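Participant: Got a structure here, written out as structure tokens. Questions coming.
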Amino acid sequence: MKCDLIFYLAKKTALCEKKIKELFATTIYQLNSVTASTTPDSLGMQLTDALNCVNLIFVVGGLRDNDVRAISNVLSKALANSSTNIIPKRLKNEVGDFDGYILRSGKQTIICIPDNPEEIENMLNENMFNYLNRIYSE
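One gets our numbering by counting positions in the sequence shown from 1 and adding 1272 to each.
Quick look at the structure:
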């Protein structure tokens, strides 16, 4: 299954992309496109473009709570005006400082994770892939 990867305010992009590809190697998931964004507006445009092409999007970075550009603030503002029924879920980060997020509406899912390869490996584990497999096998 194809999915998109968007780096948002991320610093370790090459290492994170390599880790994600490594984790995907034993799954049904493969990267369709990889892009980067440094502003809330460009993130919004890239998410819109991605949702028109694929149902699964990973956003890496932007999880720092003290930044007005933090993904939690950006997504909260965007979703406040949405009429779509969105199921939010916190993605617990057992090895780092910032939790991730899963936002799901029907078959479309956005997963926000930190820009740290070790944290990505911890969060994109067997349980996560089983969760995604259940969504996309229905």
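For each residue, glycine too, the CB sits at the ideal point set by N, CA and C.
Just so it is clear, the structure is predicted and the values come from calculations on it, not from any experiment.
What alpha helix (DSSP H) runs, 4 residues minimum, are completely inside the stretch 1340-1388?
Facilitator: 1343-1352
Participant: Just mark L1404 as buried or exposed, buried being the case when its beta carbon has 16 or more other beta carbons within 10 Å.
Facilitator: Position 132 of the sequence shown, counted from the first residue, corresponds to residue 1404. L1404 comes out buried.
Participant: If G1333 and A1282 are in contact, beta carbons under 8 Å, what's the gap, nearest whole angstrom?
Facilitator: One-based indexing of the sequence shown puts residue 1333 at position 61. One-based indexing of the sequence shown puts residue 1282 at position 10. That belief holds up - the Cβ atoms of G1333 and A1282 are roughly 3 Å apart, short of 8 Å.
Participant: Once the 5 residues before and after D1276 are set aside, which same chain residues still bring their CB inside 6 Å of it?
Facilitator: Start at 1 with the first residue of the sequence shown, and residue 1276 comes out as number 4. Only N1304, S1305, A1322, V1326, I1329 meet the Cβ criterion.
Participant: Looking at F1370 and T1299, is the spacing between their C-beta atoms short of 8 Å?
Facilitator: Position 27 of the sequence shown, counting from 1, holds the residue named residue 1299. Position 98 of the sequence shown, counting from 1, holds the residue named residue 1370. Judged by their CB atoms, T1299 and F1370 are not nearer to each other than the 8 Å cut-off.
Participant: Is S1303 helix, strand or coil by DSSP?
Facilitator: On the sequence shown, position 31 is the one that residue 1303 refers to. Per the sequence shown, residue 1303 should be read as Leu rather than Ser. If DSSP states are grouped into helix, strand and coil, L1303 belongs with the strands.
Participant: On the DSSP letters alone, give me the boundaries of the beta strand (DSSP E) that C1275 sits inside.
Facilitator: Residue numbering aside, residue 1275 sits at position 3 when the sequence shown is read from its first letter. Its beta strand (DSSP E) spans residues 1274-1280.
Participant: Excluding the 5 residues preceding and the 5 following F1296 in the sequence, name in chain order all residues of the same chain whose CB lies nearer than 8 Å to its CB.
Facilitator: Counting from one through the sequence shown, the residue named residue 1296 turns up at place 24. Within the same chain, F1296 has close Cβ partners Q1302, L1303.
Participant: Using only the alpha-carbon positions, how far apart do K1361 and L1375 sit?
Facilitator: The sequence position of residue 1361 within the sequence shown is 89, counting from 1. The sequence position of residue 1375 within the sequence shown is 103, counting from 1. One C-alpha to the other measures close to 6 Å.
Participant: Based on Cα-Cα distance, which residue from N1399, L1347, M1395 lies nearest to T1311?
Facilitator: To locate residue 1311, count along the sequence shown from 1; it is residue 39. Nearest of N1399, L1347, M1395 to T1311, Cα basis: L1347.
Participant: Among the candidates M1395, L1351, I1358, whose CA atom is the shortest distance from the CA of T1381?
Facilitator: Translated into positions along the sequence shown, residue 1381 becomes position 109. Here the closest residue by C-alpha is I1358.
Participant: Does the Cβ-Cβ distance between P1389 and K1291 come in under 8 Å?
Facilitator: As a first step, residue 1389 must be located in the sequence shown, where it is residue number 117. As a first step, residue 1291 must be located in the sequence shown, where it is residue number 19. Result yes, Cβ atoms of P1389 and K1291 sit closer than 8 Å.
Participant: Leaving out five residues before and five after V1245 in sequence, what residues of the same chain have Cβ atoms less than 8 Å from its Cβ?
Facilitator: Outside the modelled stretch of the chain, which goes from 1273 to 1410, sits residue 1245, for which no answer is possible.
Participant: Rounded to a whole number of angstroms, what is the C-alpha to C-alpha distance between S1344 and K1284?
Facilitator: Locating residue 1344 in the sequence shown gives position 72, counting from the first residue. Locating residue 1284 in the sequence shown gives position 12, counting from the first residue. Whole-angstrom Cα-Cα distance: 20 Å.
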